[in-house]
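Structure record follows, encoded as structure tokens.
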Amino acid sequence: MTNLRSTHPHFVRCLIPNESKTPGLMENFLVIHQLRCNGVLEGIRICRKGFPSRILYGDFKQRYKVLNASVIPEGKFIDNKKASEKLLGSIDVDHTQYKFGHTKVFFKAGLLGTLEEMRNEKLASLVTMIQALCRGYVMRKEFVKMMERRESIYSIQYNIRSFMNVKHWPWMKLYFKIKPLLKSAETEKEMAAMKENYEKMKEDLTKALAKKKELEEKMVSLIQEKNDLQLQVTAESENLSDAEERCEGLNKSKIQLEAKLKETNERLEDEEEINAELTAKKRKLEDECSELKKDIDDLELTLAKVEKEKHATENKVKNLTEEMASQDESIAKLTKEKKALQEAHQQTLDDLQAEEDKVNTLTKAKTKLEQQVDDLEGSLEQEKKLRMDLERVKRKLEGDLKLAQESIMDLENDKQQSDEKIKKKDFEISQLLSKIEDEQSLGAQLQKKIKELQARVEELEEEIEAERAARAKVEKQRADLSRELEEISERLEEAGGATAAQIEMNKKREAEFQKLRRDLEESTLQHEATAAALRKKQADSVAELGEQIDNLQRVKQKLEKEKSEYKMEIDDLTSNMEAVAKAKGNLEKMCRTLEDQLSEIKTKSDENVRQLNDMNAQRSRLQTENGEFSRQLDEKEALVSQLTRGKQAYTQKIEELKRHIEEEVKAKNALAHAVQSARHDCDLLREQYEEEQEAKAELQRGMSKANSEVAQWRTKYETDAIQCTEELEEAKKKLAQRLQDAEESIEAVNSKCASLEKTKQRLQGEVEDLMIDVERANSLAANLDKKQRNFDKVLAEWKHKYEESQAELEGAQKEARSLSTELFKMKNSYEEALDHLETPKRENKNLQQEISDLTEQLGETGKSIHELEKAKKTVESEKSEIQTALEEAEGTLEHEESKILRVQLELNQVKSEIDRKLVEKDEEMEQIKRNSQRVIDSMQSTLDSEVRSRNDALRVKKKMEGDLNEMEIQLSHANRQAAEAQKQLRNVQGQLKDAQLHLDEAVRGQEDMKEQVAMVERRNNLMQAEIEELRAALEQTERGRKVAEQELVDASERVGLLHSQNTSLINTKKKLEADLVQVQGEVDDAVQEARNAEEKAKKAITDAAMMAEELKKEQDTSAHLERMKKNLEVTVKDRQHRLDEAESLAMKGGKKQLQKLESRVRELEAEVEAEQRRGADAVKGVRKYERRAKELTYQTEEDKKNVTRLQDLVDKLQLKVKAYKRQAEEAEEQANTHLSRYRKVQHELEEAQERSDIAESQVNKLRAKSRDAGKSKDEE
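Counting from 263, one number per residue, gives the positions in the sequence shown under the working numbering.
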């Protein structure tokens, strides 16, 4: 079996095809019989009844999604299992033929084949449909091209026929000769070039509109994807938090198990050392008393049995620790089991002889002492390791927090960018709407003057060029802004992650910065100067933070050095304790007197129990107050939900209005396309009309020439009538024929003119219909504008209400700050009371349990006060939206102040009682001092060593206080920088997003409260475990009564230290108040600067208004010049007609009139060109002013964004300073706890040494007895 398990066998079944052993022959019955006997057929049947085909959910979804793609919506994240369930449920298949597992779909035999056939059929249908659509699309394109070719062929044939008919006419030949001399050909070429440019511009415009639509669709899809991603991020963050909590629990259990393993290993090593020492002592005893060897052997056997039992118990302890990871009750059980084993050990030793009893007691005492020392050292190391692990976990959590905050920052930046893009698109849409209105007004003018369309086309082309240039500039500036945003975001990430509250403040400030877009060059210069100053300050703050980090690292190194020094001092103390152990024999006499005093202390403990009951009553009151606050929180949450509903309703209205606007824009675009096509048709008709007029003029010229020839022939006939009668008759006939031809051609031209006039009238009717449609669209647009204005008014009213509520919020915040200062004072007084309560705790260890409970309860009340402060802040932030809620908050604040006064009175009463008890204790201790003066002299050496260690601890504490002062100075610097940044950003806050922000803050506050409650519960559990340990230690404290005087001295020294700490805290408070005064002065300066900036902004707005008026004047002048230009063109055309008539009369008028007319035409052309140049200059000036205004607005926006980024940096630095302060406070708390534990360990060591001294004295007695026995035997 081992060989089979180590390999991968494949079983092969050999079948006989026939019994005659002939090749190529297969007996079917024989083969089937063999297969049936081997169980192959049965196996196949079983497989077919089961689910032989298995596919992963992801592969199944990817392969068979084609069967019903509508079941799985695109753009949404759906689990593969759910998707496959929906897909199979929607397909027409036997649903009993498949089952769903954890990671795979299980199919019965045959179902997978049917699914494959269905998939192939679906794919074939889809492919054929795509092919048909492609073929149809290609053929439709080809059909359109064929139709265009047919029309072009017809037009070409028609033109060639007409040209071939007219080519040999004499007036056509004359036209070919005159045409190169005219300037109309050049104008026609220019017109053709202009038309080509117009068509190109038209195509570009259509492409731009199509791109715009595509971008809008992409933007909508991106917003949907962003929302989906946000949902995924929230779900993943929740999963991550759960996983992190599980990891933390596992890490804690792992750390505890490792610590316990180390403890057991250390105990094993210590026991081995103890065994070695016992063997050495045994050898000495064998040398001294040979008779007791047998007894010692028995003792060794019993010790071995006890050690085996001990190993068994230790194995049990390991199993229990593995089963119960984070429960401290197992430690108490193990201690009880140890005590039981020790008692069994004592019973076995009592069965031995009377002489061995003393030796057994000696060994027991020594083992107990050594085990206690080892346990204490192990507990010390375990606590150090736990502290290190907690610090690591804390760092990990901080890193994860930073990563989560950075991801939130990126998402919100993307959201802001998308919002900015939407606003830009709205701005462009409004510009396009204004342009469409201008074009509609031009269309109304085109109804009256169709000939002025050419000039308007040129103006539109110039406007399109300006729009392109402006759009290119906007895109360049947007790219530059995005680059700057990315660079500054990288800097911000290097400086540290920001909280969600800071991001929300940035949003507010960016929203209000949009009001200051019309600031000009003066405001931009000031903003640049302030931005440079803020950059310098930010660099300084970064440098200061680096220095703070270096200082903290130095402090860490100092603490490690002090740790090693403490270890050395512990070793010295152990050596000193050996010397002190000898003096403890004298202290046994003092135990009797201390027992009498113990009874008196018990009576005092009863009084402390009463005080505890009073504190419990206070705790219940505070809990009731907490319930009231939670009820108020629920009310505020209901109000917030109502506001969110209102906000959603307004957003729906805004979206409906946007949809109406988009529909109107589409209708306007369609009308604009129709107008452009009508203009194009009008241009073609006008060209045909001009050609027909030219042909008519040429016919008139031919008539005039014919008349002149007739006149000449008449003169000749009169002179040579007799000679050329026959020739004249022939000429007459020819002229008559020519006249008939001319009349026919004139009739044809007149018919063409009539048809052209009919087409012209028809086109005019179409243009009028289009103008009616345009007017309807304009009326709809006006209605929409009215709706938009009404909505803007409603928004302005809400803004006004919001500003009022914001002012009230600032007042409430000031009141909250004053209340927080009063609460801080109350906390200081409360801490002083706690310090006074610690002194009677040290006077007597019997009261330690109850006093620790008191301090824990008081600490919990302090935490609850802190939590109430947080709840109060969140409630006040929510109350700022509604005035009625503010009045209720003021009532609750007054109620809290009355409660605080009650607490102050109760604390004063507690203080007075504690002082009275202290006086009594001092009197009692004076009596104890008189009795124990002799003992103090003997213990002076130990006290000196302890004084040295305390002095070292004081030095460390002073260093920590100096570091704290430095951190506070740095914090004040950071606060100043923040105040300077807030000077410029005080008036920049969000308008419509505040309700959402307050909601987010309330939710976060609730989450923080939940986390704090969980932390408090954990701490409570830890404190309960410590209470149980202290109860176990209380049994041993009866032996340590002798050290009460020493603890009194320690308590008095601690009171002095606390007094010095109090004075230092008062000094720091004064410093902070002075810094507050300075900050208020800086705030006033900032307000003054903001007012100056507002005045400058007003000046800039007035300048912009002046510029706008100048722009309007220039536009009016340009319009006037264009009208003049059009009138001049009309006059030029009239003069051209006159010129044509003058050419017909050239035979009569002569060359002088022609020269005059040509000079007049040249003068008019020069005037027209001058007017055109003036109009172009005016248009260029207008464009320059517009570009200048746009550049100024973009510069102001960039300055505002820079200021907001600097404010973000300042807020992040403030948060880091606060975090460092918290870490310093936690380090101080941990140091205090370690000091208290160290003292406990020291007291237990002293007790162990006392026991060891007793055991040594007993050993000496046994040795003396053994020597006496040996001497008596020698004498016998």
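Where is the CB? At the ideal position from N, CA and C, for every residue including glycine.
For clarity, every value in this text was computed on a predicted model and none was experimentally measured.
| query | result |
| --- | --- |
| Pairwise C-alpha distance: residue 1170 and residue 887 | 21 Å |
| Of the residues 400, 903, 1177, the one placed nearest residue 1259, counting alpha carbons only | 903 |
| Opposing strand residues paired with residue 1465 [DSSP bridges] | None; residue 1465 has no bridge partner. |
| CA nearest to the CA of residue 948, picked from 461, 737, 1020, 1490 | 1020 |
| Cβ-based burial, residue 760 [other Cβ within 10 Å; buried from 16] | Note that residue 760 scores a pLDDT of 47, beneath 50, so its modelled location is shaky; the value from the coordinates is reported in the next line. With 16 or more other Cβ atoms within 10 Å, it is buried. |
| Backbone CA spacing between residue 738 and residue 1467 [nearest angstrom] | 21 Å |
| Nearest-angstrom Cα separation, counted from residue 642 out to residue 670 | 42 Å |
| Length at least 4, wholly inside the stretch 1480 to 1526: the alpha helix (DSSP H) runs in chain order | none |
| Opening and closing residue of the alpha helix (DSSP H) in which residue 328 lies | Per DSSP, residue 328 belongs to no alpha helix (DSSP H) and is neither H nor E. |
| Pair within 8 Å by beta-carbon distance, residue 373 and residue 355 | yes |
| Neighbour-count burial assignment, residue 389, 16 or more Cβ in a 10 Å radius | exposed |
| Buried or exposed (CB count within 10 angstroms, at least 16 for buried), residue 1437 | buried |
| 8 Å Cβ cutoff met for residue 316 and residue 370 | no |
| Unbroken alpha helix (DSSP H) run spanning residue 248, endpoints | Nothing can be reported for residue 248: it is not among the residues displayed for the chain, which extend from 263 to 1538. |
| For residue 316, the first and last residue of its enclosing beta strand (DSSP E) | 315 to 318 |
| Residue environment, residue 311, which counts as buried when at least 16 other CB atoms sit within 10 Å | exposed |
| Alpha-carbon to alpha-carbon, residue 942 and residue 451 | 17 Å |
| Whole-angstrom C-beta distance between residue 1441 and residue 724, which should lie under 8 Å | 6 Å |
| Residue range of the unbroken beta strand (DSSP E) whose run includes residue 367 | 366 to 369 |
| Member of 640, 954, 1174 whose CA lies at the smallest distance from the CA of residue 520 | 640 |
| Cβ-Cβ separation, residue 481 to residue 683 (assumed contact under 8 Å), whole Å | 7 Å |
| Short Cβ contact (8 Å threshold) for residue 664 with residue 488 | no |
| Neighbour flag for residue 503 against chain D, beta carbons, 8 Å | Considering every chain present, this structure includes no chain D. It has just one protein chain. |
| Residue range of the unbroken beta strand (DSSP E) whose run includes residue 361 | 360 to 362 |
| Cβ neighbours of residue 1034 in the same chain (closer than 6 Å, five flanking residues each side left out) | none |
| Any 3 or more C-beta pairs closer than 8 Å across the stretch 285 to 299 and the stretch 316 to 330 | no |
| Where the alpha helix (DSSP H) through residue 432 begins and ends | 432 to 440 |
| DSSP three-state assignment for residue 282, whether helix, strand or coil | coil |
| Top-ranked residue by Cα proximity to residue 1210, from 1263, 827, 476 | 827 |
| Own chain residues within Cβ distance below 7 Å of residue 385, not counting five before or after | 328 |
| Proximity of residue 437 and residue 960 at Cβ, strictly below 8 Å | yes |
| Residue ranges of each beta strand (DSSP E) within the stretch 513 to 546, 3 or longer | none |
| Where residue 275 falls: helix, strand or coil (DSSP) | coil |
| Given residue 275 as reference, the closest of 286, 269, 303 once Cα atoms are compared | 303 |
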